[in-house]
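Numbering (the numbering used here), first residue to last: 197 to 541.
Structure below.
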């Protein structure tokens, strides 16, 4: 009876992977690539857009690698080994560091927006876009350095003659690093620290915007920073950060649950947690696939940039452009002279 229940739970997990992984893989690459191109090429050169373009590229690498791996492991089932592993070394190296980069880009763009509202840089010599590029490069380097141990996986059971077969789908042996160290690091870096910082920064941003909105309502002639800092961009960033935290926190908790010895030893309990883990992972990949649609729904300026990117209109030649500008200047000067003449009479 227990074996039948375990088999049924495993079949449900594989069915979820077989149905949702190809669907997300069909939607995710185009949306993330288009989002990165729009933020990098068509949006203004700001630190926010630098972070968002890096976020889109990290989401593309993370989600594409993870979904392909899920499609591969979802096609077969091995009842002898129920442990869900991190995958073989190279796919894991290409999957986990981009996930860390994606999470920390959400953190960086939220901190950047909070600093822009509370302590904007007024010095013209300091370019926020240049600082953002340095931050992106530093985060990528740190994530890649942390992913190096994934390429040097040490076999967990030295008495097993097949311990060096490291890329055998569900039969891969968990190492001490993947079993005891990584889950807690994942919970801290991928959920706890970003959640606390994003919640604090989001609360500060909302309090500042509400306060300025009330002040601007009572004093209509006062100048508000809402004109300088796009309210749509702020709403877009808050939406992206909130969706990221909601979809990634369950995965981190379940990874910790899978590392508990009592859960790992009981096959039925492990199969139930495995099914919940599959559902949580699909939500996680959904979060890394729909940032384009979240930005489209929450920011009117981003919709204009997307229309501009998809229109693909060629720019006019230099001669035609100069003639158009000269004609507009001539018409403006004529209208101005007419208005001044009428004012004299």
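Using N, Cα and C, we set each Cβ at its ideal position, and we do this for glycine too. Quick caveat: nothing in here was measured; it's all calculated off a predicted structure.
Can you give me the C-alpha to C-alpha distance between residue i and residue j, rounded to a whole angstrom?
{"i": "residue 336", "j": "residue 200", "result": "45 Å"}
{"i": "residue 501", "j": "residue 232", "result": "12 Å"}
{"i": "residue 313", "j": "residue 494", "result": "19 Å"}
{"i": "residue 496", "j": "residue 384", "result": "35 Å"}
{"i": "residue 207", "j": "residue 326", "result": "50 Å"}
{"i": "residue 469", "j": "residue 430", "result": "37 Å"}
{"i": "residue 512", "j": "residue 489", "result": "Residue placement at residue 512 cannot be trusted, given a pLDDT of 43 that sits under 50; the coordinates are not used to answer."}
{"i": "residue 265", "j": "residue 506", "result": "31 Å"}
{"i": "residue 280", "j": "residue 454", "result": "Only weak support exists for where residue 280 lies, its pLDDT of 40 falling under 50; the value from the coordinates is given anyway. Answer to the nearest angstrom: the Cα atoms are 9 Å apart."}
{"i": "residue 290", "j": "residue 436", "result": "23 Å"}
{"i": "residue 211", "j": "residue 217", "result": "10 Å"}
{"i": "residue 401", "j": "residue 330", "result": "24 Å"}
{"i": "residue 438", "j": "residue 487", "result": "11 Å"}
{"i": "residue 456", "j": "residue 393", "result": "28 Å"}
{"i": "residue 343", "j": "residue 407", "result": "43 Å"}
{"i": "residue 227", "j": "residue 241", "result": "21 Å"}
{"i": "residue 464", "j": "residue 249", "result": "43 Å"}
{"i": "residue 482", "j": "residue 213", "result": "13 Å"}
{"i": "residue 237", "j": "residue 403", "result": "32 Å"}
{"i": "residue 377", "j": "residue 449", "result": "14 Å"}
{"i": "residue 338", "j": "residue 224", "result": "25 Å"}
{"i": "residue 334", "j": "residue 222", "result": "31 Å"}
Just confirm the distance between the C-beta atoms of residue i and residue j, as a whole number of angstroms; I'd bet it's less than 8 Å.
{"i": "residue 246", "j": "residue 328", "result": "4 Å"}
{"i": "residue 205", "j": "residue 467", "result": "4 Å"}
Whose C-alpha, out of the options, is nearest the C-alpha of residue i?
{"i": "residue 443", "options": "289, 342 and 391", "result": "391"}
{"i": "residue 255", "options": "428, 213 and 230", "result": "230"}
{"i": "residue 472", "options": "462, 456 and 451", "result": "451"}
{"i": "residue 261", "options": "441, 238 and 485", "result": "485"}
{"i": "residue 492", "options": "446, 432 and 331", "result": "432"}
{"i": "residue 503", "options": "214, 334, 239 and 202", "result": "239"}
{"i": "residue 202", "options": "462, 498 and 487", "result": "462"}
{"i": "residue 474", "options": "249, 228, 267 and 242", "result": "267"}
{"i": "residue 244", "options": "342, 213, 332 and 445", "result": "332"}
{"i": "residue 209", "options": "498, 499, 483 and 478", "result": "478"}
{"i": "residue 399", "options": "309, 344 and 334", "result": "309"}
{"i": "residue 498", "options": "428, 242, 226 and 406", "result": "428"}
{"i": "residue 297", "options": "457, 242, 382 and 407", "result": "382"}
{"i": "residue 405", "options": "434, 213 and 304", "result": "434"}
{"i": "residue 389", "options": "242, 482 and 304", "result": "304"}
Taking the Cβ atom as the reference point for each residue, do residue i and residue j lie within a distance shorter than 8 Å?
{"i": "residue 395", "j": "residue 299", "result": "no"}
{"i": "residue 263", "j": "residue 220", "result": "yes"}
{"i": "residue 447", "j": "residue 480", "result": "yes"}
{"i": "residue 302", "j": "residue 251", "result": "yes"}
{"i": "residue 258", "j": "residue 295", "result": "yes"}
{"i": "residue 397", "j": "residue 306", "result": "yes"}
{"i": "residue 340", "j": "residue 293", "result": "yes"}
{"i": "residue 311", "j": "residue 387", "result": "no"}
Tell me whether residue i counts as near the ligand HEM, meaning its Cβ is closer than 7 Å to at least one heavy atom of that ligand.
{"i": "residue 255", "result": "You won't find the ligand HEM in this model; it holds no ligand whatsoever."}
Taking Cβ positions only, does residue i come closer than 8 Å to chain B?
{"i": "residue 201", "result": "This model lacks chain B altogether; it includes just one protein chain."}
In chain order, each alpha helix (DSSP H) run of at least 4 residues that lies wholly inside the region 430-506: 457-461, 463-483 and 487-494
Within the region 226-278, ranges of the alpha helix (DSSP H) (whole runs, at least 4 residues): For the alpha helix (DSSP H) assignment, the uninterrupted runs of no fewer than 4 residues enclosed by the region 226-278 are, from N- to C-terminal side, 243-269.
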